[in-house]
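Comments concern the structure below.
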Amino acid sequence: IIKSIANDILYCQKEKINEKCTSRQSYLSNKRYFLYDVNPPEGFNLRRDVYIRVATFLKQLIKDDKIFQWNVVLPPWGNLYHWQSVDLGSQQQIPWQTFFDMESLKKYLPVIELFEFIKEIPSENEETIIDVLYFLKNDEEMFRIGNFEDKNIFSDCLNTTIPYKKNSYKQYTGSFWGYTNVTAREVKCITFHGTTINLKKNLQPLLYRSIMFDHMEIPLHYNYGSVDYWNARRSMRYNTELHQISNDFRLKYLNSNDMDDRTIKLKDWRLDKKKRNAIGGPYLSIHLRRQDFLIGHAASSPTIEYAAFQIKAFLKLLDLKIVYIATDTNNQEYIDLKEKLKDYSVFRYIPTQFVKNKFKDGGIAIIDQIICSHARYFVGTHESTFSFRIQEDREILGFPTNTTFNVLCGNEIKCSIGNKWEIIWG
Ligand code: GFB
Numbered sequence: 003i004i005k006s007i008a009n010d011i012l013y014c015q016k017e018k019i020n021e022k023c024t025s026r027q028s029y030l031s032n033k034r035y036f037l038y039d040v041n042p043p044e045g046f047n048l049r050r051d052v053y054i055r056v057a058t059f060l061k062q063l064i065k066d067d068k069i070f071q072w073n074v075v076l077p078p079w080g081n082l083y084h085w086q087s088v089d090l091g092s093q094q095q096i097p098w099q100t101f102f103d104m105e106s107l108k109k110y111l112p113v114i115e116l117f118e119f120i121k122e123i124p125s126e127n128e129e130t131i132i133d134v135l136y137f138l139k140n141d142e143e144m145f146r147i148g149n150f151e152d153k154n155i156f157s158d159c160l161n162t163t164i165p166y167k168k169n170s171y172k173q174y175t176g177s178f179w180g181y182t183n184v185t186a187r188e189v190k191c192i193t194f195h196g197t198t199i200n201l202k203k204n205l206q207p208l209l210y211r212s213i214m215f216d217h218m219e220i221p222l223h224y225n226y227g228s229v230d231y232w233n234a235r236r237s238m239r240y241n242t243e244l245h246q247i248s249n250d251f252r253l254k255y256l257n258s259n260d261m262d263d264r265t266i267k268l269k270d271w272r273l274d275k276k277k278r279n280a281i282g283g284p285y286l287s288i289h290l291r292r293q294d295f296l297i298g299h300a301a302s303s304p305t306i307e308y309a310a311f312q313i314k315a316f317l318k319l320l321d322l323k324i325v326y327i328a329t330d331t332n333n334q335e336y337i338d339l340k341e342k343l344k345d346y347s348v349f350r351y352i353p354t355q356f357v358k359n360k361f362k363d364g365g366i367a368i369i370d371q372i373i374c375s376h377a378r379y380f381v382g383t384h385e386s387t388f389s390f391r392i393q394e395d396r397e398i399l400g401f402p403t404n405t406t407f408n409v410l411c412g413n414e415i416k417c418s419i420g421n422k423w424e425i426i427w428g
């Protein structure tokens, strides 16, 4: 069967599309779709890192594979634990274009939204069927013993609780980002350990057109921190409207604009060049992570009093009068913090209802990140991926590293400057 499909593919590629090819075109076209999903509790900024693992892997695959045209289907955003604004109703099935600039992403890799995939794939019984879904899981025993080695072991899923079950048409239904009309024809479980490249053997493009991996957070980066990693990261530009909102805020309240701050980026990220001369707007920016961090990272989370003490020390040191606070804290804590900084101008971004409705909690968080990334000096929260993404954006903008890799200290532990995660340019 494989041989005959392969022959058909080659035939249809070589010949002009004729009747034989047209009728079987979608099956035999060399277009292949890579879909993925992530463990539900994971936050927005860890998910962004998972995208880079996928993107760099697929980029390499496309380089090596001369037959198939690989496309990444971007998993819609939704139901994240941290998105708690009750006035926005359910925040699910949000396409990537709400948060990111699709043209920039496409300059790195062929990506499509899930709704485009649903349109492209002919449906059967009104279902869009993914050919195979691999449910990845960790080897708990290996983590217990600490004897790590690469693994890709198939199991029958019988001993695993999987969130997929067969419907009356014998397809697997499951969460599929809240789309009840998306199903999978086959589900297979794999105990996996290793980097994304090791997933290649499971793709089998001669058998499957659309291949999905669930728990894509399990495979590790295969080229972490390389030029290619940073190219993928640079292609993750935000939606231009989110930039515009942030720029308006910077101009109005923070006396900041790209020309004076030396933070101009070229329209095409591929043309941006290595630089370290950004000066940023005349304000200090702080990312103060609260909520679940107060439990998960209690030792490194300062009290509001101690946070204010440290912020004042930074402002004095830098001779700045303005501080921008990005935080997920409640109003009362923010008011307390502001009160303790009353000799300074303290700002936070408060969205209009229109902006909230349009960009949801995820977009508001990105506006905070953009404003933080343009400050003269940034101080983040230890081990928060939200802060890590701001640090990366500052690396891309060309700030000297001493203005970026700083964190607030908890009351109880001495803290040092975090690792400097410096950009590598090609
Ligand atoms: O992005 P994230 O994975 O970063 O999750 P961490 C934090 C989320 O909380 C963000 C909101 O995506 C935002 O939705 N948030 C946090 C903020 N700080 C701010 C802020 O300054 N402004 C705004 N507007 N929103 C990890 C989680 O979070 O923390 C893990 O991914 C776990 O699931 C762990 O909860 C304790 O790395 O900070």
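In terms of our numbering, the sequence shown has 70 at position 68, counting the first letter as 1, and numbering is strictly consecutive.
Glycine included, C-beta positions come from ideal geometry on N, C-alpha and C.
Cβ-based neighbour list, residue i, same chain, cut-off 7 Å, excluding 5 preceding and 5 following
i      : result
Asp152 : His195, Gly196, Asn200
Ser375 : Ile392, Asp395, Arg396, Leu399
Glu119 : A small correction: the amino acid at residue 119 is Phe; Glu does not occupy that position in the sequence shown. These residues qualify, in order along the chain: Tyr35, Val75.
Gly428 : Val229, Asn233
Phe102 : Met238, Arg239, Tyr240, Asn241
Phe215 : Tyr38, Tyr136, Leu138, Leu201
Ile425 : Trp232, Glu397, Ile398
Lys276 : Trp427
Leu256 : Gly283, Tyr285, Ile324, Tyr326, Phe349
Range of the contiguous alpha helix (DSSP H) that encloses residue i
i      : result
Thr58  : 46-66
Asn233 : 229-236
Tyr255 : 242-255
Leu107 : 104-108
Met261 : 260-263
Glu142 : 142-147
Beta-carbon proximity of residue i to residue j, cut-off 8 Å
i      : j      : result
Glu414 : His299 : no
Ile123 : Ser212 : yes
Leu268 : Ala309 : no
Tyr166 : Phe251 : no
Leu319 : Thr383 : no
Val381 : Ile324 : no
Arg264 : Ile247 : no
Lys416 : Thr403 : no
Gly412 : Ala315 : no
Ile54  : Arg235 : yes
Ser258 : Tyr285 : yes
Gln62  : Lys33  : no
Ile155 : Val189 : no
Ala387 : Gly91  : It should be pointed out that residue 387 corresponds to Thr in this sequence rather than to Ala. Not closer than 8 Å, so no.
Leu244 : Phe361 : yes
Residue span of the beta strand (DSSP E) that contains residue i, given as start and end
i      : result
Val88  : Looking at the DSSP string, Val88 is not in any beta strand (DSSP E), and its letter there is neither H nor E.
Gln293 : Run containing Gln293: none; DSSP gives neither H nor E here.
Arg378 : 377-383
Leu399 : Leu399 -> not in any beta strand (DSSP E); alpha helix (DSSP H) instead, spanning 387-399.
Leu441 : Because the chain spans 3 through 428 in this model, residue 441 falls outside it and cannot be assessed.
Leu410 : 408-410
8 Å Cβ shell around residue i - same chain, five flanking residues per side excluded
i      : result
Trp179 : Asp39, Pro77, Pro78, Gly80, Gln94, Gln95, Leu116
His217 : Asp39, Val40, Asn41, Phe137, Leu138, Lys139
Val56  : Phe36, Tyr38, Val74, Thr198, Met218
Arg187 : Ile131, Ile132, Asp133, Val134, Gln173, Tyr174
Ile192 : Tyr136, Phe137, Leu138, Lys139, Asn154, Ile155, Phe156, Ser157, Asn204
For residue i: DSSP bridge partner residues
i      : result
His195 : Lys153
Ile2   : The question about residue 2 has no answer, for the chain in this structure spans 3 to 428.
Glu115 : Leu76
Thr185 : Ile131
Glu126 : Glu129
Thr175 : Lys167
Gly283 : Ala377
Leu205 : Leu205 pairs with nothing; no bridge assigned.
Lys139 : Thr193
Ile220 : Answer is none; Ile220 lacks a bridge partner.
Gln71  : Lys33
Ile96  : Trp79
Close Cβ partners of residue i (< 6 Å) along its chain, the five nearest in sequence each way excluded
i      : result
Tyr224 : Thr197, Thr198, Ile199
Arg292 : Asp330, Thr331
Thr406 : Phe380, Gln393, Arg396
Asp363 : Trp85, Ser87
Pro353 : Ile366
Val113 : Val74, Leu76, Leu107
Glu335 : Ile306
Arg26  : Interpretation of Arg26 is limited by its pLDDT of 46, a score under 50 that renders its predicted location unreliable; the figure taken from the coordinates is listed afterwards. Result list for Arg26: empty, nothing under 6 Å.
Near ligand 3: residue i beta-carbon under 7 Å from a heavy atom
i      : result
Asp330 : No copy of ligand 3 appears in this structure; the ligands present are ligand 1.
In chain order, which continuous runs of the alpha helix (DSSP H) of length 4 or greater are located wholly inside the stretch 321-362? 333-342
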